[in-house]
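Below is one structure, written out as structure tokens; the observations come after it.
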Amino acid sequence: MRQERELLWEPVSTGRVQSNYGPSPFAAKAYNSTRLPDFDHEFIDETDLDEFAKALSAPENTADEASPSGSRFITALNDWSPVYQRVRGRRKVGSRKRRRGKDETREGFVYILLKWPLLVVVLGWIVILGLLYLLTRLYIYLYEHFVAWRGRREQFRQNLQRTTNYKDWVEAAQELDAFLGNESWKQKDEYAYYDYTTLKRVKEDLRSMRLEAEEEENGGVDGIGRKRTIDALKSLVEACVKSNFVGIENPRLYSETYYGTKNLVQGFVGEVESSLSLLVRTRQLTQDDKRLLFKHLHTNFGRTALCLSGGASFAYYHFGVCKALLDANLLPEVITGTSGGALVAALVATRTDDELKKLLVPALAGRITACHDDFSTWFRRWWRTGARFDALDWARRCSWMTRGSMTFREAYERTGRILNVTCVPSDPHSPTILANYLTSPNCVIWSAVLASAAVPGILNPVVLMMKTHDGTLAPYSFGHKWKDGSLRTDIPLKALNLHFNVNFSIVSQVNPHINLFFFSSRGSVGRPVTHRRGRGWRGGFLGSAIEQYLKLDLNKWLKVLRHLELLPRPLGQDWSEIWLQKFSGTITIWPKSTLSDFYYILSDPTLSRLARMLQAGQQSTFPKIQFIANRMVCERLVEEGRRSTAPQTLDGIESVSEEDPQTLLRRRGGRESHPVVASPPLGGVDVVAENDQDAASSPTLRERLDMWRQRLSGGSRPQHRRGSGASSIIQEIGRQSRVFLVDDSEGETGQSEDDGGPDSSGSAIEDGWEDEDGFDDEKLEMEEGDTGRFEKGTKLD
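For what it's worth, full-length UniProt numbering labels the leading residue of the sequence shown as 1, then goes sequentially.
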């Protein structure tokens with residue numbers, strides 16, 4: 001087992017993952033569309049599009065009174081009236097809706113008098129700051145081009161940029177690191193951005209305990225009479241397998257070299273991997289111990305999510321990012337997408353790994369045809385409806401990416417990946433939603449993708465659709481209209497942490513208005529600063545200082561406009577959030593775009609342009625793979641431990657949820673042990689249940705106390721004989737609950753838990769014994785003062 005783990009880890013850590021590669025973006029077979037799975041297959045059903053058309057044309061929040069369920073909407077004035085009839089004055093009515101309401105309007109003559117002058121002055125100053133920022137970035141680019149990158153250093157960098165797979169990239173990166181002297185930095189443990197002394201000590205303890213535990217495992221040592229090493233190893237792993245333990249996930253640790261990090265960090269990750277592998281397969285721990293351990297590790301370590309930003313046609317760079325992660329076997333299970341990124345995320349989450357390796361090629365451009373209309377067609381549509389694209393046409397063309405009307409739950413069941421799509425309501429003050437298999441399991445994916453891409457002026461707000469029990473579609477969320485998620489929440493990190501415990505995010509950011517302002521003055525993961533051999537500032541200290549000041553000042557004045565409510569609302573939308581929200585993650589990938597991308601921002605990609613985007617996306621991901629690999633190898637071992645110890649339902653399906661008592665009871669069937677936490681008996685209370693035929697087979701509370709005292713005094717362990725031992729779950733639950741109601745020894749009066757008598761001290765008492773058949777008897781839990789309520793059918797002696 002250990003040898004298999006080494007083989008799985010070795011390709012990722014050294015870059016030898018060539019056997020997992022899909023076709024190169026420039027290979028001849030990558031342009032052959034016949035190799036793509038289901039390329040000519042149309043998944044969409046026309047009846048689904050008809051239901052979508054009815055929902056779009058229906059008045060919002062207006063149910064059909066003729067429908068008993070109220071789920072169908074009015075689609076036309078009468079049988080002779082078309083659905084998309086033109087209504088005079090409609091644009092004027094819509095414009096009145098878009099203006100601020102009475103509750104939103106600021107009152108007072110000072111606000112009215114100064115609003116527009118302040119807006120003009122602040123916007124003018126923002127334009128000046130923007131121009132100065134562009135000049136500063138131009139100076140830094142020229143400085144790096146003519147000062148930092150020259151001679152052999154430039155040759156090594158060009159070799160790095162010409163690589164098309166991760167193996168070749170690693171070799172070129174190691175050559176560049178060796179030339180710059182970065183290898184010596186890896187060998188030194190000291191570094192200010194992590195606690196290397198603690199890490200070194202924990203690494204040595206892990207190694208020594210793991211080797212000793214493996215000897216005990218192979219030698220059959222059970223550890224009776226002494227403390228087992230496996231228990232100490234389990235405690236140590238539980239203490240150090242945490243998110244960013246002693247700072248080892250600080251991006252600065254991966255920003256000093258082009259490939260890799262400190263040897264101490266890499267060795268620690270290897271020891272954690274070996275220790276987790278041992279804990280997964282060991283026979284010295286019970287299933288309950290393993291289940292509790294990996295549950296805690298999952299809570300402390302968290303999960304990783306891949307977040308794909310919006311950005312119109314810039315979003316096709318995400319295909320290259322996903323391809324690089326897929327080839328390295330590092331594609332996270334949690335994937336979120338917004339706007340254009342939602343389309344890419346939907347394709348990834350609805351296809352298996354084998355299908356994706358065949359699909360992420362330039363030939364995929366034959367299926368990306370959303371912008372096929374010519375200028376005259378879309379201009380007439382924009383003049384008539386206020387949107388450049390038609391929602392029905394987009395739904396038909398988007399459905400192939402989502403495998404027809406597949407829902408979020410169906411996608412999760414097919415691939416195991418958790419798809420998340422951000423949608424913003426058309427109302428400016430309603431909260432956004434993160435659609436996934438938990439929050440909206442029956443929602444149709446293509447409708448959420450359209451809603452997440454509905455930029456005002458590009459696509460009108462759309463209605464989300466859901467799949468009913470008979471397979472037909474119906475409006476979701478009362479037929480409300482939704483639009484582009486990038487307007488408010490491009491990267492939904494808080495929602496991901498809430499729903500899926502995500503605390504490590506890989507963000508692929510391609511928004512053109514944000515890409516320009518991304519600048520890492522001290523380098524980023526896999527891209528160190530070359531000035532002064534990585535110890536300086538990009539463009540020198542003066543250039544970095546000016547860039548940082550101008551960017552912070554721009555951000556300040558944008559916040560002033562928002563908080564003083566000076567900005568108007570073009571197209572009924574508050575546009576301030578497209579600048580002020582958080583756009584980065586733990587790892588942020590910025591694919592390198594070109595000026596021509598701005599010209600083709602609302603155009604379908606050609607084969608050559610998609611090939612270039614795939615290559616650029618891969619190139620931007622290669623420097624981050626080592627960081628991601630160190631994280632994912634531990635996360636996947638924790639998930640493997642959770643799944644291998646997950647309780648089984650009656651149908652044999654694994655349930656990872658530890659908080660599901662129904663599942664645990666069904667699996668246990670009343671046969672396994674339960675912990676006992678009981679309060680001492682109430683003084684003078686003797687409660688007897690009527691018609692209690694099972695009372696003799698269950699010990700009383702007094703008997704449990706006597707046995708517990710005997711165990712403390714070193715006495716023999718009493719045996720308790722059960723009855724048949726094959727009672728049903730309901731009978732078992734009833735028998736266990738009556739332990740606290742039956743006590744034949746003494747007492748005259750009764751007292752309920754609500755009385756809160758003085759004898760309810762709440763001390764914890766644990767006891768257990770073995771049945772005749774060798775099974776541990778059930779243990780029960782009870783909180784302080786919880787001695788059971790009197791019910792109908794009980795009496796007092």
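A virtual CB, placed ideally from N, CA and C, is assigned to each residue, including glycine.
| Query | Result |
| --- | --- |
| Proximal residues to residue 211 (C-beta, below 6 Å), its chain only, five neighbours per side dropped | none |
| Counted within 10 angstroms of its Cβ, other Cβ atoms place residue 336 as buried (16 or more) or exposed | buried |
| Coil, strand or helix - residue 370 by DSSP | coil |
| Segments assigned alpha helix (DSSP H), at least 4 residues, entirely inside the stretch 376 to 431 | 391 to 398, 408 to 415 |
| For residue 632 and residue 194, the rounded distance between their alpha carbons | 20 Å |
| Per-residue DSSP class, three states only, for residue 482 | strand |
| Which of helix, strand or coil DSSP assigns to residue 26 | coil |
| DSSP-derived helix/strand/coil call for residue 198 | helix |
| Candidates 540, 544, 500, of which the one nearest residue 517 by Cα | 544 |
| Supposed contact pair residue 169 and residue 160 - C-beta distance, whole angstroms, cut 8 Å | 7 Å |
| Burial state of residue 25, where buried means 16 or more other Cβ atoms lie within 10 Å | buried |
| Proximal residues to residue 216 (C-beta, below 8 Å), its chain only, five neighbours per side dropped | 223, 228, 229, 230, 284 |
| Sequence-distant residues of its chain with Cβ nearer than 6 Å to residue 174 (five each side left out) | 259 |
| Of the residues 276, 387, 257, 551, the one placed nearest residue 523, counting alpha carbons only | 257 |
| Coil, strand or helix - residue 587 by DSSP | strand |
| Residue 585 versus residue 409: straight-line alpha-carbon distance, rounded | 26 Å |
| Beta-carbon proximity check, residue 601 vs residue 314, cutoff 8 Å | yes |
| Beta-carbon proximity of residue 301 to residue 241, cut-off 8 Å | yes |
| The stretch 477 to 487 in contact with the stretch 588 to 595 per 3-pair CB rule at 8 Å | no |
| Given residue 331 as reference, the closest of 508, 121, 485, 278 once Cα atoms are compared | 508 |
| Test item: CB-CB of residue 525 and residue 623 under 8 Å | yes |
| Helix, strand or coil at residue 473 [DSSP, three-state] | strand |
| Under the three-state DSSP convention, the category residue 804 falls into | With the chain running from 1 to 797 in the structure shown, residue 804 is simply not present. |
| Exposure of residue 273, with buried meaning 16 or more beta-carbon neighbours within 10 Å | buried |
| Minimum length 4: unbroken alpha helix (DSSP H) runs contained in the stretch 101 to 183 | 109 to 143, 151 to 161, 166 to 180 |
| Three-state secondary structure assigned by DSSP to residue 519 | coil |
| Endpoints, the beta strand (DSSP E) within which residue 188 is located | Premise fails: residue 188 is in no beta strand (DSSP E) and is neither H nor E. |
| Contacts around residue 468, its chain only, beta-carbon distance under 6 Å, and the 5 residues preceding and following it disregarded | 474 |
| Which residues DSSP lists as bridging residue 314, in chain order | BP columns for residue 314 are empty, so no partner. |
| Same chain, Cβ closer than 8 Å to residue 353, neighbours up to 5 away in sequence not counted | 326, 331 |
| Own chain partners of residue 755 with C-beta closer than 8 Å, once the 5 adjacent residues on each side are dropped | Low confidence applies here, because residue 755 scores a pLDDT of 41, under 50, leaving its location unreliable and the question unanswered by this model. |
| Residues near residue 282 in its chain [Cβ-Cβ closer than 7 Å; skip 5 each side] | 217, 230 |
| Distance CB(residue 397)-CB(residue 365) smaller than 8 Å | no |
| Per-residue burial, residue 239 [other beta carbons within 10 Å of its own, 16 or more giving buried] | exposed |
| Through-space distance from residue 399 to residue 43, alpha-carbon basis | 7 Å |
| Endpoints, the alpha helix (DSSP H) within which residue 360 is located | Premise fails: residue 360 is in no alpha helix (DSSP H) and is neither H nor E. |
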